[in-house]
Amino acid sequence: DIIISFIQEENLLKQQKIQNFNQTITDNDEILKVDEKDLDQDFSGPIRFSTECSLICGINIIRGTLSMTHNVMLFDADEYDESYIKIDSKMFSYIDNIHGKWHFNEIRAIFSRRYLLQDKALEIFVSIR
Numbered sequence: 229d230i231i232i233s234f235i236q237e238e239n240l241l242k243q244q245k246i247q248n249f250n251q252t253i254t255d256n257d258e259i260l261k262v263d264e265k266d267l268d269q270d271f272s273g274p275i276r277f278s279t280e281c282s283l284i285c286g287i288n289i290i291r292g293t294l295s296m297t298h299n300v301m302l303f304d305a306d307e308y309d310e311s312y313i314k315i316d317s318k319m320f321s322y323i324d325n326i327h328g329k330w331h332f333n334e335i336r337a338i339f340s341r342r343y344l345l346q347d348k349a350l351e352i353f354v355s356i357r
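Residue numbers (my numbering): 229 to 357.
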């Protein structure tokens, strides 16, 4: 009897864990649906700020333009730049955000970083879509 009750308790705990896990997944799905609604907004608008910059990904340096509108921050790589052309095509699957667009609601943190022994880099953390 003790063994049977112990096994039943274990099964009950497993079922509760599965239910809690499934509930967490549905809660996250609801959060993602809300985020997708925000992302469907029209991001077009006048560019408020634009500057030339480089996207540093490992040993690859991709030159491009960082622009900001009222709602988003955009990075657009210069595909005609020599450094972009020299990158091995196999590497592009490992480089994120070559043509990136981030709504300001997605940006979680921006930190100043040193690059080439100068305080002139930014590290931007965004939430996962």
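Glycine residues also receive a C-beta, built at the ideal position from the N, C-alpha and C atoms.
Beta strand (DSSP E) segment containing residue i, residue limits
i	result
K348	Q346 to V354
R276	No beta strand (DSSP E) contains R276, which DSSP labels as neither H nor E.
Y343	I335 to Y343
N288	N288 to M296
K329	H327 to H331
M301	V300 to A305
Cβ shell of residue i (< 6 Å), same chain only, five flanking positions each side left out
i	result
E351	F339 and R341
K265	Note that K265 scores 47 on pLDDT, short of 50, meaning its location in the model is unreliable; the coordinates nonetheless yield the value given after this. There are no such residues.
E310	none
T279	L294
Unbroken alpha helix (DSSP H) run spanning residue i, endpoints
i	result
E310	E310 to K314
Sequence-distant residues of its chain with Cβ nearer than 8 Å to residue i (five each side left out)
i	result
F320	I326
A305	L283, I290, R291, G292, Y312, I326 and H327
Beta-carbon spacing of residue i, residue j below 8 Å
i	j	result
Y343	A337	no
W330	M301	yes
N299	F332	yes
C285	I323	yes
Residues bridged to residue i (per DSSP)
i	result
H282	Position check: residue 282 holds Ser in this sequence, whereas His was assumed. Partner(s): R291.
Sequence-distant residues of the same chain with beta carbon closer than 7 Å to residue i, five excluded per side
i	result
E334	V354 and S355
R276	M296, T297 and H298
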